[in-house]
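Chains as they are written, first to last, in my numbering: chain A, 1 to 303; chain B, 304 to 549.
All C-beta atoms in this analysis are idealised placements derived from N, C-alpha and C, irrespective of residue type, glycine included.
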Amino acid sequence: MFEVSIGLAAATMLVMALVMSYILGWANKKFHVEVDSRVEAVLEALPGANCGGCGFLGCSDYAVSIVADGAPVNRCPVGGQGCASRLAGIMGVEVGENLPFRPIVHCGAHLKDRLGRTAYIGEQRCASANLVADVQGCTYGCLGFGDCTRACKYDAIHIVDGLAVVDYDACIGCGACAKVCPRNIITITPFRSERVMAVTCSNKDKGKDVMAVCEVGCIGCKACSRLSEVITIEDNLSVIDYDRYTAECMPGLMKACEKCPRSRLVFIGKPATEDQKEGADVELPEIVAPDFKTTVDDTEWRG
Amino acid sequence: MVYFIDILLIALSAALINNFIFYYFVGACPFIGVSRNVDMAFGMGCAVTFVMSIAVFLSWTITTFILVPGAPVSTFIAGFFLSAEQAATIDLTILSYIIYIFVIASSVQFVEMYMRKFLPLLYKSFGVFLPLITTNCAIMFACLIILSKVSGVENPADAWDLGRALTLAFFGGVGFTIAIVIMAGIREELELCDIPKPFQGAAITLVVGGILALAFMGFTGVNTGLKKALTFTPVAEAEMNDSGSH
Numbered sequence: 001m002f003e004v005s006i007g008l009a010a011a012t013m014l015v016m017a018l019v020m021s022y023i024l025g026w027a028n029k030k031f032h033v034e035v036d037s038r039v040e041a042v043l044e045a046l047p048g049a050n051c052g053g054c055g056f057l058g059c060s061d062y063a064v065s066i067v068a069d070g071a072p073v074n075r076c077p078v079g080g081q082g083c084a085s086r087l088a089g090i091m092g093v094e095v096g097e098n099l100p101f102r103p104i105v106h107c108g109a110h111l112k113d114r115l116g117r118t119a120y121i122g123e124q125r126c127a128s129a130n131l132v133a134d135v136q137g138c139t140y141g142c143l144g145f146g147d148c149t150r151a152c153k154y155d156a157i158h159i160v161d162g163l164a165v166v167d168y169d170a171c172i173g174c175g176a177c178a179k180v181c182p183r184n185i186i187t188i189t190p191f192r193s194e195r196v197m198a199v200t201c202s203n204k205d206k207g208k209d210v211m212a213v214c215e216v217g218c219i220g221c222k223a224c225s226r227l228s229e230v231i232t233i234e235d236n237l238s239v240i241d242y243d244r245y246t247a248e249c250m251p252g253l254m255k256a257c258e259k260c261p262r263s264r265l266v267f268i269g270k271p272a273t274e275d276q277k278e279g280a281d282v283e284l285p286e287i288v289a290p291d292f293k294t295t296v297d298d299t300e301w302r303g
Numbered sequence: 304m305v306y307f308i309d310i311l312l313i314a315l316s317a318a319l320i321n322n323f324i325f326y327y328f329v330g331a332c333p334f335i336g337v338s339r340n341v342d343m344a345f346g347m348g349c350a351v352t353f354v355m356s357i358a359v360f361l362s363w364t365i366t367t368f369i370l371v372p373g374a375p376v377s378t379f380i381a382g383f384f385l386s387a388e389q390a391a392t393i394d395l396t397i398l399s400y401i402i403y404i405f406v407i408a409s410s411v412q413f414v415e416m417y418m419r420k421f422l423p424l425l426y427k428s429f430g431v432f433l434p435l436i437t438t439n440c441a442i443m444f445a446c447l448i449i450l451s452k453v454s455g456v457e458n459p460a461d462a463w464d465l466g467r468a469l470t471l472a473f474f475g476g477v478g479f480t481i482a483i484v485i486m487a488g489i490r491e492e493l494e495l496c497d498i499p500k501p502f503q504g505a506a507i508t509l510v511v512g513g514i515l516a517l518a519f520m521g522f523t524g525v526n527t528g529l530k531k532a533l534t535f536t537p538v539a540e541a542e543m544n545d546s547g548s549h
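Right, here's the structure in full:
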């Protein structure tokens, strides 16, 4: 009786396993879908950050688009050149020029430089502050409430003294900050070198009006555009044409940089090696580790 | 006639009154996970209904013919080794859980292959959730209800037949679809609402789910009332009056 029960149970499981595996094996062959093996290879080569910086829905969507629709292989901002060349190897195509895209904050005014500021006690967001007039005199510049900081998944943009500053070591160029900025002062720009010259102002008003609201804003004096051919003045604002920004333009740009009365042409990006060497000698205060004992009050009460 | 009333009551009970999600609280993971937009929720509901029907069909067959005491196949095989009375007492219901899991997993695998071949768009929109149906407790729960209705009855004639079992499975799935589509509709509207920060995301979803469950509690007791109304006959009333007068 007992043995028969066990035997029957074992037999039931065995027969079911056989039947099911037969059916599934048959279905696997019958419903087989041809998957391009390159999709998997491309997916393997992509970094898998799923940031959407390439403009597709995620890494897998980009992989399918590369293989099926022939999307360009150099779109991944995270993987950069190495990833692009691996993808090109898989797909058998030439890699185009692949520049890292990084954000530039086109505002350089810290709190003390901004004029006409009023106390704002509403929701501490750029999006809400942007709806209200007179938070600060300049209606173009950075508001400094850190919508970009909250949007950044990589902790690469911070508000320093009321101004959004990109940490180019951490930034991967996904463009989330540019999308969220209500004043559209962050542009995603191809960086031809580690450091590029940038115009850190977005104010399109006439010089007199700019001077009324900002200590440092671009007044559209055209001095820079006379000295460098890659700078043009559009709506009273200097604009650098990054498509023509090459090493040959650098002398002209440097001259323009020195000439700028408001010092609005600045280098942006990772610090140059000579600057880092200079900075290495400067003694920094030691980083203090948190001492949690200080938060515990173990003094005896002597009332 | 009685059979049809029974089927009707089972269907109504599974879909609304004893809704899997709002009454038994099974299958809550896809209910929270895939209820972000109505189209996907409806697709998920259809997939669950389909898988549940297949799984219940298979598990009813296996339970009735192999697992329960006195089941034809096991009795027949045991008859070679044991006497007829002993063979009829062979009880394999201890295998129920492992066999149901086995059946559910294989049928989900099968459905996945089928969809990948013939419904690639739906397959793509499901993503990870289709394999997750494998571990969806709503389906296991439906199988276990069938087990209790087939093997837990005192009188063998009361054991559920395939029609009742499939009705429960199909309308259980319909109830799941109703629940998840309502939830998805509410969540689509919630996207536009100004929800306080601490309530955003999972918190408000659970709150909404709880309120929906409360609303569905309004159906409680409808099935007994309905059964009384449907099986009401003058004869029965006369008998009741007789017994009352005595």
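Inset, instruction - Taking only heavy atoms of the ligand PLP into account, decide whether any of them is closer than 7 Å to the Cβ of R183 of chain A. - result: As far as ligands go, the structure on display features none, and thus does not contain the ligand PLP.
Inset, instruction - Reducing DSSP to helix, strand and coil, say where I436 of chain B ends up. - result: Looking at I436 of chain B - three-state DSSP - the assignment turns out to be helix.
Legend entry - Endpoints, beta strand (DSSP E) assigned at L163 of chain A: Membership of L163 of chain A in the beta strand (DSSP E) is indicated by the continuous run 163-166.
Inset, instruction - Say whether the stretch 438-448 of chain B touches the stretch 304-313 of chain B, bearing in mind that this needs 3 or more beta-carbon pairs closer than 8 Å, one atom from each stretch. - result: Result no; under three Cβ-Cβ pairs closer than 8 Å.
Inset, instruction - Determine the chain A residues that contact M416 of chain B at a beta-carbon separation under 7 Å, and present them in chain order. - result: Result: A27, N28, F31.
Legend entry - Beta-carbon spacing of S362 of chain B, Y403 of chain B below 8 Å: Yes, the pair counts as a contact, with Cβ atoms nearer than the cut-off.
Legend entry - Buried or exposed (CB count within 10 angstroms, at least 16 for buried), A17 of chain A: So A17 of chain A counts as exposed.
Legend entry - Contacts around I498 of chain B, its chain only, beta-carbon distance under 8 Å, and the 5 residues preceding and following it disregarded: Excluding sequence positions up to five before and after I498 of chain B, its CB lies within less than 8 Å of the CB of I507, all in the same chain and listed in chain order.
Inset, instruction - Give the DSSP-derived three-state secondary structure of F328 of chain B in the structure shown. - result: Reduced to three states, the DSSP call for F328 of chain B is coil.
Inset, instruction - Out of B:A331, B:I365, B:L312, point me to the one whose CA is closest to T256 of chain B's CA. - result: In the structure as shown, chain B begins at 304 and stops at 549. Residue 256 of chain B is therefore absent and cannot be evaluated.
Legend entry - F267 of chain A, enclosing alpha helix (DSSP H) - first and last residue: Going by DSSP, F267 of chain A is part of no alpha helix (DSSP H) but of the beta strand (DSSP E) stretching over 265-269.
Inset, instruction - Kindly indicate the opening and closing residues of the beta strand (DSSP E) around M250 of chain A. - result: Per DSSP, M250 of chain A lies in no beta strand (DSSP E) segment; the continuous alpha helix (DSSP H) that holds it begins and ends at 250-259.
Inset, instruction - For chain B, find out if any of its Cβ atoms is closer than 8 Å to the Cβ of V42 of chain A; answer yes or no. - result: V42 of chain A does not count as touching chain B.
Inset, instruction - Measure from the C-beta of A9 of chain A to each C-beta in chain B and report whether the shortest distance is under 8 Å. - result: Closer than 8 Å to some Cβ of chain B, the Cβ of A9 of chain A qualifies, so yes.
Legend entry - CA nearest to the CA of P271 of chain A, picked from A:G137, A:Y168, A:L111, A:T200: Nearest C-alpha to P271 of chain A: A:Y168.
Legend entry - Per DSSP, the bridge partner or partners of M197 of chain A: The partner list for M197 of chain A (beta bridge, DSSP) reads A:F267.
Inset, instruction - Take the Cβ of T189 of chain A as the centre, count every other Cβ of all protein chains shown within 10 Å, and call the residue buried at 16 or more, exposed below. - result: Only buried fits T189 of chain A, as 16 or more other CB atoms lie within 10 angstroms of its CB.
Inset, instruction - Would you kindly check if the distance between the Cβ of T12 of chain A and the Cβ of I369 of chain B is under 8 Å? - result: Between I369 of chain B and T12 of chain A, the C-beta gap is smaller than 8 Å, which places the two residues in contact.
Inset, instruction - Please state if the CB of V105 of chain A and the CB of T200 of chain A are separated by a distance shorter than 8 Å. - result: Judged by their CB atoms, T200 of chain A and V105 of chain A are nearer to each other than the 8 Å cut-off.
Legend entry - Interface residues of the stretch 53-64 of chain A facing chain B [CB-CB below 7 Å]: Answer in chain order: no residues at all.
Inset, instruction - Take the Cβ of Y62 of chain A as the centre, count every other Cβ of all protein chains shown within 10 Å, and call the residue buried at 16 or more, exposed below. - result: Label assigned to Y62 of chain A: buried.
Legend entry - Proximal residues of chain B, C-beta to C-beta of L24 of chain A below 7 Å: The contacting residues are S409, Q412, F413.
Legend entry - Residue closest to V371 of chain B, alpha-carbon to alpha-carbon, out of A:S37, A:L8, A:F101, A:C221: If we check each option's Cα against that of V371 of chain B, A:L8 comes out closest.
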